[in-house]
Amino acid sequence: GAAGGVALALPAERLVSAALGNAPTAQPFSVPLPIPPVLSPVYSDRSTDYYELSVRPGVAEILPGVQTNVITYNGSFPGPTIKARRGRAVKVAVTNRLQTPSAVHLHGGIVPQDSDGHPLDVIQPGKHRVYHYPNDQRAATLWYHDHAHHLEAEQIYKGLCGLYLIEDRKDAPSLPKGQFDIPLMFRDIALDDKGQLLWAIFDGQRRNTVLVNGVPQPVLKVRRRKYRLRLVNTSNERMFSFRLSNGGEFVQVATDGGLMARPVRRTEISLWPAERVEVVVDFSKQRGGTKIMLTNANGGDVASTSQIMQFEVIDGIRRDAPDNDDSEVPPKLSVLPAIGAPVMMTRKVVLSFDAKNMVFLINGKPYDPHRIDYTVKRGSTEIWEVTNADPDPIPHSLHVHVVQFRVLDRNGKAVEPWEAYPKDTVSIPAGETVRLLIRFDAPYTGVFPFHCHFVDHSSVAMMAQMRIVA
Ligand code: C2O
Ligand code: CU
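In my numbering, the protein residues as written are 171 to 640.
Take a look at the structure:
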């Protein structure tokens, strides 16, 4: 039985026995999907919005009636959403109220080096600093998360991440917006029988509770119309393969780096750690009362990892008729900047694991924050040929700071359209090679990391860095 001391305090009908472990759980699809709060600026002037974040311990109600100890930005799990506008700067004053160092990295952001959250450029306990985000980049779904050297895996796992949305009024204004534009942040955790987080590195097997915006198996009541869903995988290691239980379509409109040129219809979406996709799902043809599950084909037979959340279609003002919905997905979403510059060089990046010493390597070396792995010319274009050379079937990915790249090919074959548009993180299954076309068009010089975004790997050395020079 699932009923431990904590569980007994809950109304009996809300409890079912947990599939694994003895943590109390709620009846699946009974808890409404929480939406992370949108942070308000403390001050705004003509060019800039100013925000404050405090990094601090907190409690989250992951399971109904259970207080789980987490670490938070501003007490919120996951952190609050920052909404930025293209061309308008954001400054975030961050205070570290933990006992450990913290660094904030804006994932996918084109930011100066001193605001990038380099692993050694941390905020010590009790200290604060201001990060400057110019937002001179395409509108996109970005996220911010901890990046302190060796600590990021644990600190992200325990709650240090939040959404950062750059918006551009000129971008496809007919897409669903407002309450019909919904973020879905996915992450897996392991809970003990008191509903507390279990933390250990490389513990993916035990992390069998999948959260959406901080709770397991929520339900979202949807009207009979189109919704824009922003899918963000904040997991340390879990790779999702999403489907709709009715076989329905996702119309993908955006990748990591913002809108694609044209929408693409998909019935299955694979999403590796740190990747984002934005899709439009049309519920207008569903009758009121219809329940559609978002499933994960990689989740095995376990409900908590394969039945991720539910959409419950509700009737609008008119029964048995779709909502008035003037949103639409235009056939042309965006015009992408060309990458015309000639390629200056091709680099080979090799990802591997040293099983003897339990370290993950890039080009045969563990991360050394004092070593410069590559020197890159600002404004140049390069091809990076990235190989997962692991003899064991360990998946890896590559995230490069301060750029949005294009994936050219995978094992020599042209990639699907959703990988050909701007991305900052690419999946590389064992044995595969991908080629990335990267233009270093950020106006900044300095030292920026690139790394595997399985953060359990990057925390144990699967990271390298480049110096961008003028
Ligand atoms: Cu999302 Cu260097 O990380
Ligand atoms: Cu890896």
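Ideal placement from N, C-alpha and C gives every residue a C-beta, glycine not left out.
| Item | Value |
| --- | --- |
| Through-space distance from T242 to R226, alpha-carbon basis | 5 angstroms |
| Cβ-heavy atom distance, H566 to ligand 2, below 7 angstroms | yes |
| Own chain partners of L414 with C-beta closer than 6 angstroms, once the 5 adjacent residues on each side are dropped | I462 |
| Inter-residue Cα distance where the pair is V274 and N466 | 30 angstroms |
| Opposing strand residues paired with C331 [DSSP bridges] | H315 |
| Whole-number beta carbon distance between F610 and S522, since they are thought to touch under 8 angstroms | The Cβ separation is near 25 angstroms, so there is no contact. |
| Q155 - partner residues in DSSP beta bridges | Here the chain has residues from 171 to 640 only, and residue 155 is not among them. |
| Alpha carbon of G191 to alpha carbon of L361, nearest angstrom | Only weak support exists for where G191 lies, its pLDDT of 49 falling under 50; the coordinates are left without a value. |
| Pairwise C-alpha distance: R457 and P641 | In the structure as shown, the chain begins at 171 and stops at 640. Residue 641 is therefore absent and cannot be evaluated. |
| Three-state class that DSSP yields for G428 in the structure shown | strand |
| Three or more C-beta pairs below 8 angstroms linking the region 490-497 and the region 520-535 | no |
| First through last residue of the beta strand (DSSP E) which encompasses H288 | From DSSP, H288 is part of no beta strand (DSSP E); its letter is neither H nor E. |
| Reduced DSSP secondary structure (H/G/I, E/B, other) of S522 | strand |
| As assigned by DSSP and simplified to three states, the class of G191 | With a pLDDT of 49 at G191, under the threshold of 50, the predicted position of this residue should be treated as unreliable, and no value is reported. |
| From V505, R548, I487 and R489, residue whose alpha carbon lies closest to that of M514 | R548 |
| Proximity below 8 angstroms, CB of F624 to CB of N406 | yes |
| Simplified DSSP assignment, three categories, for R408 | coil |
| Near ligand 1: P248 beta-carbon under 7 angstroms from a heavy atom | no |
| Beta strand (DSSP E) segment containing W554, residue limits | T551 to N558 |
| Span separating the alpha-carbon of M479 from that of M355 | 12 angstroms |
| Burial state of V264 (16 or more Cβ within 10 Å) | buried |
| Beta strand (DSSP E) segments (min. 3 residues) lying fully within the region 373-410 | 379-382, 389-392 and 396-403 |
| Proximity below 8 angstroms, CB of K261 to CB of Y327 | no |
| Within the region 468-506, ranges of the alpha helix (DSSP H) (whole runs, at least 4 residues) | 473-476 |
| Extent of the continuous alpha helix (DSSP H) to which P587 belongs | P587 to A590 |
| Near ligand 1: P539 beta-carbon under 7 angstroms from a heavy atom | no |
| Distance cut-off 7 angstroms: C331 Cβ against heavy atoms of ligand 2 | no |
| Beta-carbon contacts of Y213 that lie in its chain and below 6 angstroms, excluding the five residues immediately before and after | Y220 |
| Coil, strand or helix - E222 by DSSP | strand |
| Separation of E482 from P563, as counted between CA atoms | 38 angstroms |
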